[in-house]
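My numbering numbers the first residue of the sequence shown as 218 and each following residue consecutively. For glycine and all other residues, C-beta sits at the position ideal for the given N, C-alpha and C. Since this is a predicted model, take the numbers as computed values, not measurements.
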Amino acid sequence: MPNDSAEKLENRKDDDGNEFRDLKRFVKEWGEQFEFGIILEDQIDQDKREIFNCKDEILSWFPEECGVVT
């Protein structure tokens, strides 16, 4: 959508009274829905362990200069 059209929708509402969301707002709201916590490796359940065991392979997909923490 062109910027000028998006700006016109910025403070408008749909037929149900909900505000239109632009991409920036959508990304912000989407990111806010996640909760992260640190757990010890021995606390990982079996389903998640199968994914965790693939971490080295997955991390190898990214070049070192990406700064992905290992």
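(message) Can you look up E282 in the DSSP assignment and give me helix, strand or coil?
(response) In the sequence shown, the residue the question calls residue 282 occupies position 65. The answer is helix: DSSP assigns E282 an H, G or I state.
(message) Contact defined as beta carbons within less than 8 Å: I believe F269 pairs with I261. What is the distance between those atoms, to the nearest angstrom?
(response) Here residue 269 refers to the residue found at position 52 of the sequence shown. Here residue 261 refers to the residue found at position 44 of the sequence shown. I261 and F269 do touch by the CB rule: their CB atoms are close to 6 Å apart, below 8 Å.
(message) What residue range does the alpha helix (DSSP H) around D259 cover?
(response) Along the sequence shown, read from residue 1 onward, the residue named residue 259 stands at position 42. That residue, D259, is in no alpha helix (DSSP H); it is neither H nor E in DSSP.
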